[in-house]
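Below is one structure; the comments refer to it alone.
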Amino acid sequence: MSISLIGRNVGESVTLKLNETFAILKAKGEPVIHLGGGEPKSKAPLDAITAIAAHLNTAEVRYAPVDGSVEMKKAIIRYTLDHYHRLVEPENVIASSGAKQALMVALQAILDPQDEVIYPAPYWVSYPEMIKLCGAIPIPVVPSDGTFTPRMVDIEQNVTSYTKAIIINSPNNPSGAVYPGSFIKEIVEFCEKKGIYLIMDDIYHVLTFNGKKAANVFDYVTDFTENSKLILINGVSKAYAMTGFRIGWGIANKQLIKVMANIQGHQTSGPSILLQKAAIGAINGVQSSIESLRTTLENNRKVLVQRLRAFNGVHLIEPDGTFYAFADFSAYDKDSTRLSNFLLEKVKVLTMPGKEFGMEGYLRISFCGSIKEINEGIDRMKWALDPNSPNELYIGERKLVRDWL
Ligand SMILES: Cc1ncc(COP(=O)(O)O)c(C=O)c1O
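This note's numbering numbers the first residue of the sequence shown as 52 and each following residue consecutively.
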């Protein structure tokens, strides 16, 4: 079989693959617990549902403009004004099928083969593969001080004449780190000075805890004219618990948005008009669902952090945002893929291996499920990993017996 170089180079999404494995095990009736999830469990806002239902009832569901409907762009402009205090124009906005597609068309619009893209580790699993899909080279940068907060010195050391873009994701998947405003200011100034694209992936920006707030990139940007190299990515997936609706967007200079729209026009056309209606409903509707999701997550976070703190051998830098904790389990196994497989096989708990996020020895544990799931999942993990645990554990009627050390 003849496969392209890019096709051969791109790996599958391990997070999506593990989700699939989970679904198969669940369908077989296995008592699995998902601590690896990447989506809030709350319902989509009612305003989203009534808006999509109303359009569906017309039975006239047509193509949408390639870069998003007029109404969709208006809603995104409104969202940007509300959350970033910046009024952008419709030509600065593209709506896509998820933040993922907005990111992908942005990268395709700016990258040439052999260009380099820098992003701090740990990082979202899709960045390296998306960059490779453009024939470009991913350059992850691990903070040298052992924290999850990137430092300009580490980033600057990796900048070469091939560096075309830097991707910043704060609050960060998988670490939950919320990067300080001082860092965002430095990176904006650096990118403006060097003429490097700065891609801000803000998909989790409203999900922060304990009074922390995600920095607003527009507080530091000095130039948002046609020379601007800022690309801001966001969407409804996480904030409104609308992952399945697949609506995200990009905000950038008008010329770049036009190029992104040209690319999107040949890939998928505009995002589904039905799903745009739902996203418009969510953005223009009652906003209380964001705060209620955030409060639920803050409670869940407290429970998970307490449980992980009481887990001997586990090292945790507490998350300030998202719905993930990224904990160092290397005292139990330095190979995170093996550890994740072991936990799934022995105690039916799904976690995500840190290796996929650029840090071996860690596990990403989500707190977007219920407190019951968090508690039971951690109980099972402790039982599996602590050599002093009793020999048997009951999951409902099922008896598990330790046949390992
Ligand atoms: C950091 C990050 N960016 C982008 C996305 C993609 O969001 P969407 O579901 O809107 O495509 C995700 C989804 O998990 C994410 O974690």
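Backbone N, C-alpha and C fix where the C-beta goes; we use that ideal spot for every residue, glycine too.
If you check the CB distance, Ile-161 and Val-257 do not come in under 8 Å. Leu-348 and Ser-391 have their C-alpha atoms some 23 Å from each other. Its chain contains Ala-102, Glu-122, Met-123, Ala-126 as the residues whose beta carbon lies nearer than 7 Å to that of Ile-331, once the 5 sequence neighbours on both sides are disregarded; these appear in chain order. Boundaries of the alpha helix (DSSP H) around Val-204: 203–209. In this structure, Thr-211 has its beta carbon at no less than 7 Å from each heavy atom of ligand 1.
The stretch 175–182 makes no contact with the stretch 320–336: fewer than 3 CB pairs, one atom from each, lie closer than 8 Å. Between Asn-285 and Ala-150 a beta carbon distance of about 7 Å is seen, short of the 8 Å cut, so the two are scored as contacting. Within its own chain, no residue has a Cβ closer than 7 Å to the Cβ of Glu-71 once the five positions on either side in sequence are excluded. Per the C-alpha coordinates, the member of Tyr-413, Gly-316, Lys-397, Ser-417 positioned closest to Val-354 is Ser-417.
Distances from the CB of Lys-92 to the heavy atoms of ligand 1 are all 7 Å or more. Per DSSP, reduced to three states, the secondary structure at Lys-433 is helical. Of the candidates Asn-350, Glu-140, Tyr-230, Arg-389, Tyr-230 places its Cα closest to the Cα of Asp-252.
In the structure shown, the three-state DSSP call for His-136 is coil.
Pairwise C-beta distances place the stretch 379–386 in contact with the stretch 359–370, as three or more of them are shorter than 8 Å. Counting only the Cα atoms, Lys-245 lies some 44 Å from Lys-94. Less than 8 Å divides the Cβ of Pro-173 from the Cβ of Phe-199. Taking 8 Å as the cut-off, the beta carbon of Gly-119 is found no closer than this to the beta carbon of Pro-441. Around the beta carbon of Ala-361, fewer than 16 other beta carbons lie within 10 angstroms, which makes this residue exposed.
For ligand 1, the residues with a Cβ under 6 Å from any of its heavy atoms are, in chain order, Gly-89, Gly-149, Ala-150, Lys-151, Trp-175, Asn-220, Asn-224, Asp-252, Ile-254, Gly-286, Ser-288, Thr-294, Gly-299. Here Asp-384 has Leu-390 as same chain residues with Cβ atoms under 6 Å from its own Cβ, once five neighbours each way along the sequence are excluded. Straight-line spacing of the CA atoms in Ile-145 and Trp-300 works out to 5 Å. Around the CB of Arg-59, fewer than 16 other CB atoms lie within 10 Å, so the residue is classed as exposed. Excluding its 5 nearest sequence neighbours in each direction, Ile-314 has C-beta neighbours in its own chain below 8 Å: Val-156, Gln-159, Ala-160, listed in chain order. Secondary structure at Met-293: coil, using DSSP grouped into helix, strand and coil. With contacts defined as CB atoms closer than 8 Å, Leu-86 and Gly-428 qualify as a contacting pair. Within the same chain, Glu-443, Leu-444 come within 8 Å of Lys-450 by CB-CB distance, once the 5 residues on both sides are set aside.
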